[in-house]
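Peer 1: Structure incoming, see below.
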Amino acid sequence: EAGVAQSPRYKIIEKRQSVAFWCNPISGHATLYWYQQILGQGPKLLIQFQNNGVVDDSQLPKDRFSAERLKGVDSTLKIQPAKLEDSAVYLCASSLYGGATDTQYFGPGTRLTVL
Amino acid sequence: AQRVTQPEKLLSVFKGAPVELKCNYSYSGSPELFWYVQYSRQRLQLLLRHISRESIKGFTADLNKGETSFHLKKPFAQEEDSAMYYCAFSTGAGSYQLTFGKGTKLSVIP
């Protein structure tokens, strides 16, 4: 089966600019996750969708980050405006139903550099 | 606060030697525990989960609730085991979000 797809793979922007990331989950997966992984850290959940509804966005900096999952399939994560500390790898993952023991399948990530 | 601690950033072992990657968690309830692995130039992927009580690629992990630990072990390390290993847990309630540790880089010396 095709895995989780993400684009772009790399992005370099200047601070205060805007950027958007796209994710296409595995077909049939109801749950979609966006993680931020700063160098030297483990992934940190930013937002979790169940179909097209938000389940958890408690760690999403809502003053600058937004995400949507229209039609319960693809998702976009946007940062506006970007700060230097947003430099990180942004990982998208999906799982079948989002349960406690559900396996999460990760995409290749988008490496963002903010100058 | 819910937290996962992996005390070693880097662990180097010789091929054929035993491996133990340490993981401790901080949570008062009964978590679901996982080990994820990222090989060079590959995606982060599930290695094993506590609930399955399985052995994957020779690795096992035992949950010790008294010590709040979920250490990953393998009796004989192979070169292909070199990778970044992340311990993670889910509280099993609400959003079931995964909390990851900072990871341990395992380097197996030939």
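These protein sequence lines are chains G and U, in that order. Okay, so the first sequence: first residue is 527 according to my numbering, each after it adds one. Okay, so the second sequence: first residue is 1342 according to my numbering, each after it adds one. Think of the CB as a built atom: it goes at the ideal place given N, C-alpha and C, for glycine as much as any other residue. This one's a predicted model, so the numbers in the text were calculated from it and none came from an experiment.
With distances taken Cα to Cα, identify the nearest neighbour of SER633 (chain G) among G:CYS549, G:ALA593, G:LYS537.
Peer 2: Here residue 633 (chain G) is taken as the residue at index 107 of the first sequence, counted from 1. Reading the sequence as shown, one finds Gly at residue 633 (chain G) and not Ser. Here the closest residue by C-alpha is G:CYS549.
Peer 1: Looking at the strands, I want to know which residues DSSP matches up with HIS1412 (chain U).
Peer 2: Stepping through the second sequence from its first residue, residue 1412 (chain U) is reached at position 71. Its beta-bridge partners are U:ASP1403.
Peer 1: PHE547 (chain G) and THR636 (chain G) - do their beta-carbons sit closer together than 7 Å?
Peer 2: Counted from its first residue, the first sequence places residue 636 (chain G) at position 110. Counted from its first residue, the first sequence places residue 547 (chain G) at position 21. Yes; because the gap between Cβ atoms is below 7 Å, this pair is in contact.
Peer 1: Would a check of beta-carbon distances place LYS1398 (chain U) closer than 7 Å to chain C?
Peer 2: The structure shown contains no chain C; its protein chains are G and U.
Peer 1: May I ask you to verify whether the region 585–599 of chain G touches the region 549–560 of chain G, counting CB pairs closer than 8 Å and requiring at least 3?
Peer 2: At 8 Å Cβ cutoff, the stretches touch.
Peer 1: Straight-line CA distance for HIS1391 (chain U) to ALA1402 (chain U)?
Peer 2: Residue numbering aside, residue 1391 (chain U) sits at position 50 when the second sequence is read from its first letter. Residue numbering aside, residue 1402 (chain U) sits at position 61 when the second sequence is read from its first letter. Rounded to the nearest angstrom, the two C-alpha atoms are 7 Å apart.
Peer 1: THR627 (chain G) versus chain U: which residues are under 9 Å apart at the beta carbon?
Peer 2: Here residue 627 (chain G) corresponds to residue number 101 of the first sequence, with the count starting at 1. In chain order: GLU1373, PHE1375, ARG1390, HIS1391, ILE1392, SER1393, SER1431, GLY1433, TYR1437.
Peer 1: So for LYS1443 (chain U), helix, strand or coil by DSSP?
Peer 2: Here residue 1443 (chain U) is taken as the residue at index 102 of the second sequence, counted from 1. Of the three classes helix, strand and coil, the one that applies to LYS1443 (chain U) here is coil, per DSSP.
Peer 1: Could you pull the start and end residues of the beta strand (DSSP E) that LYS1363 (chain U) belongs to?
Peer 2: On the second sequence, residue 1363 (chain U) is found 22 positions in, with the first residue counted as 1. Counting along the chain, LYS1363 (chain U) falls outside any beta strand (DSSP E), and DSSP gives it neither H nor E.
Peer 1: What does a CB cutoff of less than 6 Å around ASP582 (chain G) pick up in its chain, not counting 5 residues either side in sequence?
Peer 2: The count along the first sequence starts at 1 and reaches residue 582 (chain G) at position 56. Contacts found: GLN574.
Peer 1: Let's test the definition: count the other Cβ atoms within 10 Å of the Cβ of LEU1447 (chain U) and tell me whether it reaches 16, buried, or not, exposed.
Peer 2: Counted from its first residue, the second sequence places residue 1447 (chain U) at position 106. Buried, since its Cβ has 16 or more Cβ neighbours within 10 Å.
Peer 1: Roughly how many angstroms lie between the CA atoms of CYS1428 (chain U) and LEU1374 (chain U), to the nearest whole one?
Peer 2: Position 87 of the second sequence, counting from 1, holds the residue named residue 1428 (chain U). Position 33 of the second sequence, counting from 1, holds the residue named residue 1374 (chain U). One C-alpha to the other measures close to 8 Å.
Peer 1: I want to verify the contact list: residues of chain G whose CB lies under 9 Å from the CB of LYS1443 (chain U), in sequence order.
Peer 2: Locating residue 1443 (chain U) in the second sequence gives position 102, where the first residue counts as 1. Simply GLY566, GLN567, GLY568.
Peer 1: Compare the C-beta of PHE575 (chain G) with all C-beta atoms of chain U and state if any pair is closer than 7 Å.
Peer 2: As a position in the first sequence, residue 575 (chain G) is number 49, starting the count at 1. So no, PHE575 (chain G) is outside the interface.
Peer 1: Among U:TYR1426, U:THR1432, U:GLY1357, which one has its Cα closest to the Cα of SER627 (chain G)?
Peer 2: Here residue 627 (chain G) corresponds to residue number 101 of the first sequence, with the count starting at 1. First, the amino acid is wrong: residue 627 (chain G) is Thr here, not Ser. Nearest C-alpha to THR627 (chain G): U:THR1432.
Peer 1: Using Cβ-Cβ distances below 7 Å, what residues of the region 545–557 of chain G are close to chain U?
Peer 2: Under the 7 Å Cβ criterion, the region 545–557 of chain G contributes no residue.
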